[in-house]
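Comments concern the structure below.
Residue numbers (the working numbering), protein chains in the order written: chain H, 120 to 380; chain G, 3 to 102.
Written as structure tokens, this is what we have:
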């Protein structure tokens, strides 16, 4: 997984291979402390795969003014990507790396029929129940009230359409649950808009209502028209092909009783 | 309408949009704002093609929804004004070129 492979410039280059939602990455860095932190943070997602997306971290030997098809600055940490190279700069800890990975992955997924969603995902009877909502909606509470081992993620879910079927993947992007998501996936049974309420109840959503629930919770950082069109197409397809519900959530363990089997 | 129109309307080419159910969902990529058009708005949206004036669009609306022409024109103008304010549509001179 993470064998040192070369010497380059100042420090010894090390690499780390991992995969999120079947999207393989290979990080290249010379900072040994960062490499250790990254190896720990993404341990559950360690996986070497053919043709990974190569990312170079903090490599000052590369000129900084090359053309980028996609660029984003997050609190001083910067991702720049073009068809040949992806580089992250200003990454001083695993949290900055985590933020840039979310940004890059959200962009890459539009070419893979997928998107990242602020959502907790819980597996029941082999099917994924995806609960979307902004911070405070109850995602982490719902995850903490779910059986051990059933939570794919309490914060950011990855949804992809594969072979005509929508699947939900866990991600290593943490919420309050304070545990990395699970590196597995399951076919999506339903998507719920999570709202706090005095009683547990579900009501069906039409596709346009589900889109209204999904779009504000989709992670997307590109201002490119074509990429935005592609994203809207993907999210719309998910809304048309997946049962959607509004889930009024009382924050107790009995909530499964009202969810569709 | 015998007067030749001076302005045609066209969709803002930067936008992403999609029809779903009987509505149209529009996203502005620059600010990630989502807009939603109802049934009537969606009808107009479909017919805004850079080659029609407000009066011509109102004519189509009156025909399809069986409303009086003056009511259709008032509604169409109000919708175009709203969409223009939100930068969903842009006016272009009926003779071609750019108004800006």
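Beta carbons are placed, not taken as given, at the ideal position from N, Cα and C, and that holds for glycine.
Check your understanding: Beta-carbon of residue 128/H versus every beta-carbon of chain G: anything under 8 angstroms?
Key -> Per-residue confidence for residue 128/H stands at a pLDDT of 43, beneath the threshold of 50, marking its modelled position as unreliable; no derived number is given.
Practice item. Can you tell me the Cβ-Cβ gap for residue 279/H and residue 232/H, rounded? I've got them flagged as a contact below 8 angstroms. Key: 6 angstroms
Review point. Taking Cβ positions only, does residue 85/G come closer than 8 angstroms to chain H?
Key: no
Practice item. Determine the burial state of residue 308/H: buried for a count of at least 16 other Cβ atoms within 10 Å of its Cβ, exposed for fewer. Key: buried
Practice item. Output the distance between the C-alpha atoms of residue 106/G and residue 45/G, rounded to the nearest integer angstrom. Key: Given that chain G is displayed from residue 3 to residue 102, the structure contains no residue 106/G and the question cannot be resolved.
Check your understanding: Out of curiosity, what's the CA-to-CA distance linking residue 39/G and residue 25/G?
Key -> 6 angstroms
Review point. For residue 16/G, which residues in chain H fall below 7 angstroms Cβ to Cβ?
Key: 344
Review point. For the alpha helix (DSSP H) that residue 43/G lies in, which residues bound it at each end?
Key: 41-49
Practice item. Confirm, please, whether the CB-CB distance from residue 205/H to residue 172/H is below 8 angstroms. Key: yes
Exercise for review: Spell out whether any CB of chain H is found under 8 angstroms from the CB atom of residue 32/G.
Suggested key: yes
Exercise for review: Could you give the DSSP three-state label for residue 325/H: helix, strand or coil?
Suggested key: coil
**Study point:** DSSP three-state assignment for residue 123/H, whether helix, strand or coil
**Key:** At residue 123/H the pLDDT is 43, less than 50, meaning the model places this residue with poor confidence and gives no usable figure here.
Exercise for review: Work out the CA separation of residue 61/G and residue 74/G for me, nearest whole Å.
Suggested key: 7 angstroms
Check your understanding: Quick one: what's got a C-beta closer than 7 angstroms to residue 381/H's C-beta in the same chain, skipping five residues either side?
Key -> Absent from the structure is residue 381/H, since the part of chain H shown begins at 120 and ends at 380.
Point to revise | Proximal residues, the segment 326-338 of chain H versus chain G, C-beta separation under 8 angstroms | key: 326, 327, 330, 331, 334 and 335
Review point. Could you give the distance in angstroms between the alpha-carbon of residue 372/H and the alpha-carbon of residue 246/H?
Key: 18 angstroms
Practice item. With DSSP as the reference, label residue 68/G as helix, strand or coil. Key: coil
Review point. Which residue spans inside the segment 204-286 of chain H form an unbroken alpha helix (DSSP H) run of at least 4?
Key: 213-227 and 258-263
Check your understanding: Listing by chain order, which chain H residues have their CB less than 7 angstroms from the CB of residue 20/G?
Key -> 351, 352 and 355
Check your understanding: List, in order along the chain, the chain H residues whose C-beta lies closer than 7 angstroms to that of residue 23/G?
Key -> 325, 326 and 327
Practice item. With DSSP as the reference, please indicate the residues paired to residue 315/H in a beta bridge. Key: 368/H
Review point. Can you name, in chain order, every residue of its own chain whose Cβ lies under 7 angstroms from the Cβ of residue 330/H, other than the five neighbours on each side?
Key: 354, 355 and 358
Point to revise | the segment 50-60 of chain G / the segment 336-352 of chain H touching (three or more Cβ pairs under 8 angstroms) | key: no
Check your understanding: With 16 other CB atoms within 10 Å as the buried threshold, where does residue 363/H fall?
Key -> buried
Practice item. Measure the C-alpha to C-alpha separation of residue 197/H and residue 65/G and round it to an integer number of angstroms. Key: 54 angstroms
Review point. For residue 22/G versus residue 249/H, is the C-beta spacing smaller than 8 angstroms?
Key: no
Practice item. Take residue 301/H as the anchor and find which of 311/H, 313/H and 287/H has the nearest alpha-carbon. Key: 287/H
Practice item. Determine the direct distance from the alpha carbon of residue 86/G to that of residue 56/G, and round the result to whole angstroms. Key: 12 angstroms
Review point. Could you give the C-beta distance for residue 235/H and residue 220/H, rounded to a whole number, given that I count them as a contact under 8 angstroms?
Key: The pair is not a contact, with the Cβ atoms about 10 angstroms apart (cut-off 8 angstroms).
Check your understanding: If you run the structure through DSSP and keep just helix, strand and coil, what is residue 140/H?
Key -> coil
Check your understanding: Measuring CA to CA, which of 36/G, 48/G and 18/G is closest to residue 11/G?
Key -> 48/G
**Study point:** Three-state secondary structure (DSSP) of residue 301/H
**Key:** coil
Point to revise | Residues of its chain near residue 170/H, where Cβ-Cβ distance is below 6 angstroms and the 5 sequence neighbours each way are ignored | key: none
Point to revise | Residue range of the beta strand (DSSP E) that includes residue 20/G | key: 18-22
Practice item. In the DSSP assignment, find the unbroken alpha helix (DSSP H) run with residue 152/H in it and report its ends. Key: 151-160
**Study point:** Beta-carbon neighbours of residue 287/H, restricted to chain G and to distances below 7 angstroms
**Key:** The contacting residues do not exist; residue 287/H stays about 21 angstroms from chain G at best.
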